[in-house]
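Taken in order, these protein sequences are the chains called A and B. Residue 1 in full-length UniProt numbering sits at position 1 of the first sequence; the count goes up by one each step and never skips. Residue 94 in full-length UniProt numbering sits at position 94 of the second sequence; the count goes up by one each step and never skips. The C-beta atom is built at its ideal place from N, Cα and C for all residues, glycine as well. What follows is a single structure, written as structure tokens, with notes after it.
2 protein chains.
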Amino acid sequence: MATPSMEDYLERIYKLIDEKGYARVSDIAEGLEVHPSSVTKMIQKLDKDNYLIYEKYRGLMLTPKGKKMGKRLVERHQLLENFLTIIGVQEDNIYKDVEGIEHHLSWDSITCIETLVEYFRRDPGRTDELLNVRKEIEADN
Amino acid sequence: MATPSMEDYLERIYKLIDEKGYARVSDIAEGLEVHPSSVTKMIQKLDKDNYLIYEKYRGLMLTPKGKKMGKRLVERHQLLENFLTIIGVQEDNIYKDVEGIEHHLSWDSITCIETLVEYFRRDPGRTDELLNVRKEIEADN
DNA sequence: GGGGAAATAAAGCAATGGCTACGCCTAGCA
DNA sequence: TGCTAGGCGTAGCCATTGCTTTATTTCCCC
């Protein structure tokens with residue numbers, strides 16, 4: 001199983017490859033705000049666990065396992081951002097909260113949150129009603 | 001600010017006092033599945049941070065600050081359990097997931113989740129509709 | 001006032017992840 | 001083709017968070 005930090009790296013790597021076609025050590029380091037040496041170390045761990053194939057000085061390629069996991073991680077992150085946005089969490093809190101919880105939810109919970117987001121997407125009136133509940137609660141205080 | 005572990009202890013202590021009227025080291029240790037010496041150490045930290053007043057070998061009392069925080073923590077835990085239950089997460093996953101995320105959500109997010117739970121509570125039909133969305137999604141696969 | 005359960009102190013360990021220092025590759029320019 | 005700068009890799013170290021182990025102390029009750 002992947003540790004939280006491994007997931008962060010994998011997520012970042014997947015996104016970089018998706019956007020630029022490749023993922024260099026320095027780009028990964030910059031994105032995660034760590035030193036390049038930390039990236040090298042983690043890449044080796046990810047290689048050992050078969051998330052990617054790594055040739056030093058040459059670059060890396062995600063394995064099918066790594067691609068699949070990376071995709072899931074990126075989607076999970078996006079989903080949680082959407083979820084918090086829908087329920088009305090302030091922009092400034094969203095990123096940190098997602099960072100905090102994304103590694104700690106079972107895929108069962110993720111699926112259920114997915115359904116919940118879809119529930120609100122299908123009928124925007126529901127979001128309005130949620131907002132009404134909020135207003136009513138606030139009015140009571 | 002309290003670390004995740006401090007919150008776990010405080011939550012446990014609050015609950016014990018609430019239920020039994022007092023919190024002994026051994027009870028706390030049992031509840032959290034740690035050794036009593038770990039409890040002693042943490043209690044000292046919580047005393048230093050003014051969450052409780054601690055007299056060694058004698059016992060402890062929550063300060064107003066500690067009581068308030070403990071209450072919030074217990075309520076937060078309950079809220080998150082309710083939330084996951086409502087959206088359909090399996091019983092077996094709920095406890096671990098709540099354990100994982102409870103320390104990582106801003107109070108803003110907690111408030112919004114509270115509103116969401118209230119939204120479903122006010123009209124049980126909404127839960128049914130959520131379940132329908134789920135069934136429809138499942139049918140598509 | 002003595003025995004045993006409970007609590008405390010001190011030291012240390014383990015997991016995670018990050019950093020520094022230094023040395024090594026390689027692309028790209030002359 | 002050879003040099004060099006900047007990127008990359010290795011090794012060793014450090015910090016944090018919590019927990020355990022072991023040894024000692026205190027309390028309570030008979």
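When Cβ-Cβ separations below 8 Å define contact, Y22 of chain B makes no contact with chain A.
A contact between stretches requires three or more CB pairs, one per stretch, nearer than 8 Å, and the segment 11–20 of chain A meets this requirement with the segment 58–74 of chain A. Straight across, the Cα-Cα distance linking P36 of chain B with R121 of chain B is about 41 Å.
Shown in chain order are the members of the segment 98–127 of chain B whose Cβ falls below 7 Å from a Cβ of chain A: G100, I101, H104, L105, S106, D108, S109, C112, I113, T115, L116, E118, Y119, R122. Within the same chain, and ignoring the five residues on either side of L79 of chain B in sequence, the residues whose Cβ sits closer than 8 Å to its Cβ are I110, I113, E114, V117. Looking at the DSSP output, E55 of chain A bridges to A:G59. When secondary structure is reduced to three states using DSSP, G100 of chain B falls in the helix class.
Segment contact: the segment 84–96 of chain A against the segment 94–109 of chain B, three or more CB-CB distances shorter than 8 Å; contact assigned.
Judged by DSSP in its simplified three-state form, V117 of chain B adopts helix.
By alpha-carbon distance to T3 of chain B, the top candidate from B:E30, B:L46, B:V25, B:D18 is B:L46.
The continuous alpha helix (DSSP H) containing Q44 of chain A extends over residues 36–48. Distance from the CA of L130 of chain B to the CA of M69 of chain A, rounded to the nearest whole angstrom, comes to 28 Å.
Shown here, V89 of chain A sits in coil according to DSSP, grouped into three states, outside any helix or strand. In the same chain as E7 of chain B, and ignoring 5 residues on each side of it, the C-beta atoms closer than 7 Å to its own belong to L73, H103, in chain order. Secondary structure at D8 of chain B: helix, using DSSP grouped into helix, strand and coil.
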